[in-house]
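Per the working numbering, the sequence shown starts with residue 94, numbered consecutively. Written out below as structure tokens is the structure these notes cover.
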Amino acid sequence: MITHRFAFTRPRAIHGAPDAPPPNGDESAIRATDLITGYRNGTSRRVVHRGLNLSLSRGKLTALLGPNGAGKSTLMRTLCGLQPPLGGTVWIDGEPLHALSPERRARKLAVVLTDRVDVGYMTAYALAALGRTPYTRWDGRLTAEDEAIVQEAMRAARCEALAARAVAQLSDGERQRVMIARALAQQTPIILLDEPTAFLDLPRRIEIMHLLRDLAHQTGRALLISTHDLELALRYADALWLMGGDGTFVAGTPEQVHRRGELLRVFADEGTEVRRYLQEIHQRWTTS
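This is how it looks when you write it as structure tokens:
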């Protein structure tokens, strides 16, 4: 078990939004109703998924799974407001996402995407410290408390040794850990991560999944990750969102989704070894 003091501190309260359940008894951190995801091109549009109704629970690690091209990144970008929906509504803590100001949104959810952003000669520490932007004064100066939070976030993401290195000199795996540290430093009640274990070796992938699950369970944060790491998702996630290339969407615990045969259906074309692995798990769960 990986333990970090930072990982178990509760997110800082948001001014004007006390730490309480959203209205109408909805305990979801994120809820989407009749959501349509996709892209607009002038007057035309390309729909990726239609009629999505989903709920992201607090205190749980939810893994978004699906084959390449199923629309996982499109959904992630839509849920965090980087891409407008073609229809439907996304709710954050009971408030419509489109009604939140950028500052308020930044205090509610942190995002780690796979997009590679050019940060020039910025150091790893400076990049992680950007997570404190929603809380800093107009001049961007960090307080002693901010500095401590950034340092603890980098320790939690196991990248404190990289603090003085230029981001441009980091490997893909090192850069990914720094981006996770930035999200942790933001101290939001919701964290969305697109492929957080990409480019990492197996021991680091296991450590990151341990960290994310502990973070969700012990702080009450809602964590959503998209991943191709099927085995680790089945082992560590509390809930699965499964997107099929045919536009289907199912949700449930890993065991529920697997018992219904949904994983076998969605990943049927992913190769013999994947099918054999899923069949072994399916047999184990259906006979237990």
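For every residue, glycine included, the Cβ atom is placed at its ideal position computed from N, Cα and C.
**Prompt:** Is the number of C-beta pairs between the stretch 330–341 and the stretch 172–179 that are closer than 8 Å three or more?
**Reply:** no
**Request:** Could I get the ranges of all uninterrupted alpha helix (DSSP H) runs contained in the stretch 115–175, with 4 residues as the minimum, in chain order?
**Result:** 165–172
**Cβ-Cβ distance between L317 and L206 below 9 Å** = no
**Prompt:** What separation, rounded to the nearest whole angstrom, lies between the Cα atoms of F360 and V367?
**Reply:** 8 Å
**Asked** Tell me, which residues are paired with E188 by DSSP?
**Response** I185
**Cα-Cα separation, D127 to P282** = 24 Å
**Request:** Taking Q280 as the reference, give the member of D294, Q244 and R358 with the closest Cα.
**Result:** Q244
**Item:** Three CB pairs or more closer than 8 Å across the stretch 325–335 and the stretch 146–165
**Value:** yes
**Coil, strand or helix - D294 by DSSP** = coil
**Prompt:** Would you say A163 reaches chain D, if we count a Cβ-Cβ gap shorter than 9 Å as a contact?
**Reply:** This model lacks chain D altogether; it includes just one protein chain.
**Message:** Just verifying my parser: in three-state terms, what is the DSSP assignment at L356?
**Reply:** helix
**D307 versus L327: straight-line alpha-carbon distance, rounded** = 16 Å
**Request:** Return yes when the Cβ of L263 is within less than 9 Å of the Cβ of P289, no when it is not.
**Result:** no
**Request:** Consult DSSP for A361 and reduce its assignment to one of helix, strand or coil.
**Result:** coil
**Prompt:** Of all the options L325, R314, Q311 and G313, which has the alpha carbon lying nearest to the alpha carbon of I301?
**Reply:** L325
**Request:** Evaluate the contact criterion for the stretch 204–219 versus the stretch 254–268: three or more CB pairs, one atom per stretch, below 8 Å.
**Result:** yes
**Message:** Is it buried or exposed, L295, if we count other Cβ atoms within 10 angstroms and call 16 or more buried?
**Reply:** exposed
**CA-to-CA distance, E120 to P114, given in whole angstroms** = The pLDDT assigned to P114 is 41, lower than 50, so where the model puts this residue is not dependable; a value taken from the coordinates is nonetheless given after this. Their backbone Cα atoms lie some 6 Å apart in a straight line.
**Prompt:** If you count every other CB in all the chains shown that lies within 10 Å of the CB of G135, and 16 or more means buried, which is it?
**Reply:** exposed
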